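A.B. asks: Pasting a structure here, questions to come.
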Amino acid sequence: MKRHGINPVDVSTELTKAFSEMIFVHGFVHCDPHPANVFIKHIPTLTAFTPNFQIILLDHGLYRTLAPSFQLSYARLWDSLINGDEAGIESSCYALFTLDDHTPKHGIHHHRLFASMLTGRSWDVISSPTPSSLSTPRTQEELETVSTNAENGYFFQAIIEILAKIPRELLLLLKTNDLLRSVDNALGVGAAGSDLDHMLRIVSVMGWYCAACVRRDAIARVQRGEAL
């Protein structure tokens, strides 16, 4: 990539666009994008606004089709995450998977824990009153907080309970998100402090596709004569 002048930041951004489109537009998702399955091919640029590379995804043995209702709930969840809307996060979580009881156990709210599992961010960051706090860079302190909580016995038990409840589609998207973060780390743009605008780009791209998914549903409902 260095030899061909390919910017890792641009690769990360285009990869986020590609997977956001798969999830929120087409509903057909490659669920195994680990670094060895992502091939970057250098191509001549046609204009100053086109990338000088193509992303080629390898190993097409694990795809998942997402139902429109699932796409919409997942889009609403991400919209709530981006806006730090806890009520929206909670309602979207329980639209996507069913838990027996919404009452926190050992002080652990399942929707808060799931939000951290999905984003890789601490709840303090997700719920911050600062607008779009999810777009702020990860800090080493935050990574250590997430890691420490994951090792806590009660948190670990709650994670197991959540993983046992969520549908396969959501489980595969959790895996896909983690693998995309590993690709970013391999590109050198995902580590704490490595790229101050990295999270802002990811949130901006995903926010656009989430909004497009919600808008598509709203238009379809109006055309059917349903109330919004």
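For the sequence shown, the working numbering assigns the number 239 to the last residue and increments by one with no breaks.
We put the beta carbon where it would ideally sit given N, CA and C, even for glycine.
A quick note: this is a predicted structure, and the numbers were derived from the prediction, not measured.
#1: Could you spell out the range, first to last residue, of the alpha helix (DSSP H) harbouring L191?
#2: In this structure, does DSSP put L75 in helix, strand or coil?
#3: How would you write the range of the beta strand (DSSP E) that I51 sits in, first residue to last?
#4: Does the distance from the C-beta atom of S84 to that of A106 stay below 7 Å?
#5: Can you tell me where the beta strand (DSSP E) with I66 in it begins and where it stops?
#6: Just the C-alpha distance for D70 and V49, rounded to the nearest angstrom, thanks.
#7: Decide if H117 is buried, meaning its Cβ has at least 16 other Cβ atoms within 10 Å, or exposed.
#8: With a 10 Å radius around its C-beta and 16 neighbouring C-beta atoms as the bar for buried, classify Y220 as buried or exposed.
#9: Measure from the alpha carbon of N94 to the alpha carbon of each residue in A126, Q65, I170 and L77, then state which is nearest.
#10: Take the Cβ of L208 as the centre, count every other Cβ of all protein chains shown within 10 Å, and call the residue buried at 16 or more, exposed below.
#11: When DSSP builds the beta bridges, which residues end up paired with I119?
#12: Using 10 angstroms around the beta-carbon of F39, count the other beta-carbons present and answer buried if the total reaches 16, otherwise exposed.
#13: On the DSSP bridge assignment, give the partners of H41 in chain order.
C.D. replies: Straight from the coordinates:
#1: Counting from 1 along the sequence shown, the entry for residue 191 is found at position 180. Counting along the chain, the alpha helix (DSSP H) containing L191 begins and ends at R179 to L198.
#2: Counting from one through the sequence shown, the residue named residue 75 turns up at place 64. Checking the displayed sequence, the identity of residue 75 turns out to be Arg instead of Leu. Three-state DSSP puts R75 in a strand.
#3: Locating residue 51 in the sequence shown gives position 40, where the first residue counts as 1. Where I51 is concerned, the enclosing beta strand (DSSP E) stretches over V49 to H53.
#4: Stepping through the sequence shown from its first residue, residue 84 is reached at position 73. Stepping through the sequence shown from its first residue, residue 106 is reached at position 95. Their beta carbons are under 7 Å apart, which means S84 touches A106 by this criterion.
#5: Here residue 66 refers to the residue found at position 55 of the sequence shown. Counting along the chain, the beta strand (DSSP E) containing I66 begins and ends at F64 to L68.
#6: Within the sequence shown, numbered from 1, the residue matching residue 70 stands at position 59. Within the sequence shown, numbered from 1, the residue matching residue 49 stands at position 38. If you take the alpha carbons of D70 and V49, they lie about 9 Å apart.
#7: Against the sequence shown, residue 117 aligns to sequence position 106. Under this definition H117 is an exposed residue.
#8: Taking the first residue of the sequence shown as 1, we reach residue 220 at position 209. Buried, by the Cβ-count rule.
#9: Reading the sequence shown from its first residue, position 83 is the one you call residue 94. Among A126, Q65, I170 and L77, the Cα nearest to that of N94 belongs to A126.
#10: For the purposes of this step, residue 208 is taken as the residue at position 197 of the sequence shown. The residue asked about is misnamed: residue 208 is Asp in this sequence, not Leu. D208 comes out exposed.
#11: Counting from one through the sequence shown, the residue named residue 119 turns up at place 108. According to DSSP, which records beta bridges pairwise, I119 is partnered with K116.
#12: Stepping through the sequence shown from its first residue, residue 39 is reached at position 28. Exposed: under 16 other Cβ atoms inside 10 Å.
#13: On the sequence shown, position 30 is the one that residue 41 refers to. According to DSSP, which records beta bridges pairwise, H41 is partnered with Y74.
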